[in-house]
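Undergrad:
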Amino acid sequence: MAGKYRLMPNESMILQESSVAHGGMFAIYTDDLMLTSLNLVCVNKGVFGNTKNVFVYPLSQIKMFNGKPQVMMGKLSNGTATLDVYLTSGECESFNFQAGNKRNIKKWIDAIISVVGGGDGQTGSGYDDDDYDSDTLVGAFREVGDELKDAGNEFLDALGFKPRKNAPKAAASVAGAVASERVSKKCMSCSAPLTGYRGQTVKCKYCDTEQTL
Numbered sequence: 001m002a003g004k005y006r007l008m009p010n011e012s013m014i015l016q017e018s019s020v021a022h023g024g025m026f027a028i029y030t031d032d033l034m035l036t037s038l039n040l041v042c043v044n045k046g047v048f049g050n051t052k053n054v055f056v057y058p059l060s061q062i063k064m065f066n067g068k069p070q071v072m073m074g075k076l077s078n079g080t081a082t083l084d085v086y087l088t089s090g091e092c093e094s095f096n097f098q099a100g101n102k103r104n105i106k107k108w109i110d111a112i113i114s115v116v117g118g119g120d121g122q123t124g125s126g127y128d129d130d131d132y133d134s135d136t137l138v139g140a141f142r143e144v145g146d147e148l149k150d151a152g153n154e155f156l157d158a159l160g161f162k163p164r165k166n167a168p169k170a171a172a173s174v175a176g177a178v179a180s181e182r183v184s185k186k187c188m189s190c191s192a193p194l195t196g197y198r199g200q201t202v203k204c205k206y207c208d209t210e211q212t213l
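In the numbering used here, the protein residues as written are 1 to 213.
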């Protein structure tokens, strides 16, 4: 997996992953990503596995804010989650993983924060485990179950069966769902991702700015 990258005598391998896309929405999952004690390394490969480029990003060049490295979950225009690494040069390098994308992003964020410093690597990612359900069988079955439930309700409606007795309860449930709607936005100060419930006042984990979702 290491391609043509060679570790320095004082450098250790921390984490590595294959089948990584680097470079935006049209990138393909052919690259290798490595985190060492000194660098973040992306080995860019062709479709036949030949090494085309080796991109090395020193960890010392990751942008810091309030003592924390600016490494967070982003999103491509097609909705694909990305591992975004902000550099002191002003560039943002984005990566996404073919398998278990969101869980891998969390793992890499925690690992980079742990190596660079600025936290214990457990709270710096700015999101919770609910965000990773789409990468698991549990999430997949949950989505299928919801779709079947909706289809069943539509079928009963078409036959003229309507749960009139439960209508007030259903209305209350809908009202509760609206009141507890989960929303996501970017911090007004540092653009870090924020999640919570609509109308909730939250504090950014990166810059401590309080704001209402």
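By construction, the Cβ of each residue, glycine as well, lies at the ideal position given by its N, Cα and C atoms.
Keep in mind it's a predicted model, so treat the numbers as computed, not measured.
Run through the stretch 41 to 94 for me and flag every whole beta strand (DSSP E) of 3 or more residues, listed as ranges in chain order.
TA: Fully enclosed beta strand (DSSP E) runs of 3 or longer: 51 to 58, 71 to 75 and 81 to 86.
Undergrad: Which residues in the same chain have their Cβ closer than 8 angstroms to the Cβ of V214, if we skip the five residues on either side of it in sequence?
TA: In this structure the chain extends from 1 to 213, so residue 214 is not present and cannot be described.
Undergrad: Which residues does DSSP list as the beta-bridge partners of N96?
TA: The partner list for N96 (beta bridge, DSSP) reads A21.
Undergrad: What distance in whole Å lies between the Cβ atoms of V85 and V71, which are believed to be in contact at a cut-off of 8 angstroms?
TA: So it is a contact: roughly 5 angstroms between Cβ atoms.
Undergrad: By alpha-carbon positions, which one of Q211, N104 and D110 ends up nearest to T82?
TA: Considering only alpha carbons, the answer is N104.
Undergrad: Which of the three DSSP states is assigned to Y197 in this structure?
TA: Three-state result, Y197: strand.
Undergrad: Can you give me the Cβ contacts of S125 inside the same chain, cut-off strictly under 6 angstroms, excluding the 5 residues immediately before and after it?
TA: Its pLDDT being 44, under 50, S125 is placed unreliably in this model, and the coordinates cannot settle the point.
Undergrad: Would you mind reading off the limits of the beta strand (DSSP E) that contains R182?
TA: Unbroken beta strand (DSSP E) run through R182: R182 to K186.
Undergrad: Evaluate F48 with the Cβ neighbour count: other Cβ atoms within 10 Å of its Cβ, from every protein chain shown; 16 or more gives buried, anything less gives exposed.
TA: By the 10 Å Cβ count, F48 comes out exposed.
Undergrad: So, for L76: in the same chain, excluding its five sequence neighbours on each side, which residues have a beta-carbon less than 8 angstroms away from its beta-carbon?
TA: If we look at L76 and ignore the five residues flanking it on each side, its Cβ neighbours are G24, M25, T82, S94 and N96.
Undergrad: In whole angstroms, give me the CA-to-CA distance for G199 and G46.
TA: For G199 and G46, the distance between alpha carbons rounds to 47 angstroms.
Undergrad: Classify K106 as helix, strand or coil using the three-state DSSP reduction.
TA: K106 falls in the helix class under three-state DSSP.
Undergrad: Using only alpha-carbon positions, find the residue among S89, N44, T209 and K203 that is nearest to Q61.
TA: Out of S89, N44, T209 and K203, S89 has the C-alpha closest to the C-alpha of Q61.
Undergrad: Give me, in chain order, the residues of the same chain whose beta-carbon lies closer than 8 angstroms to that of T80; leave out the 5 immediate sequence neighbours on both sides.
TA: If we look at T80 and ignore the five residues flanking it on each side, its Cβ neighbours are M25, N96 and N101.
Undergrad: May I have the straight-line CA-CA distance separating T51 from T212, to the nearest angstrom?
TA: The straight-line gap from Cα to Cα measures roughly 47 angstroms.
Undergrad: Determine the direct distance from the alpha carbon of L87 to that of L194, and round the result to whole angstroms.
TA: The alpha-carbon atoms of L194 and L87 are separated by roughly 21 angstroms.
Undergrad: Applying the criterion that 16 or more other CB atoms from any shown protein chain within 10 Å of the CB defines a buried residue, is C42 buried or exposed?
TA: Label assigned to C42: buried.
Undergrad: From the beta carbon of D208, is the nearest beta carbon of chain C less than 9 angstroms away?
TA: Looking for chain C here will not work: only one protein chain is present.
Undergrad: Output the distance between the C-alpha atoms of N44 and K68, rounded to the nearest integer angstrom.
TA: Going by the C-alpha atoms only, they are around 28 angstroms apart.
Undergrad: Assuming Y197 contacts R182 under a Cβ cut-off of 8 angstroms, what Cβ separation, rounded to an integer in Å, is found between them?
TA: Indeed, because the Cβ distance is near 6 angstroms, the residues count as touching under 8 angstroms.
Undergrad: Quick one: residues in its chain with C-beta nearer than 7 angstroms to the C-beta of G7, no 5 flanking neighbours on either side, listed in chain order?
TA: The residue you asked about is not Gly; residue 7 is Leu in the sequence shown. The answer, listed in chain order, is M13 and T36.
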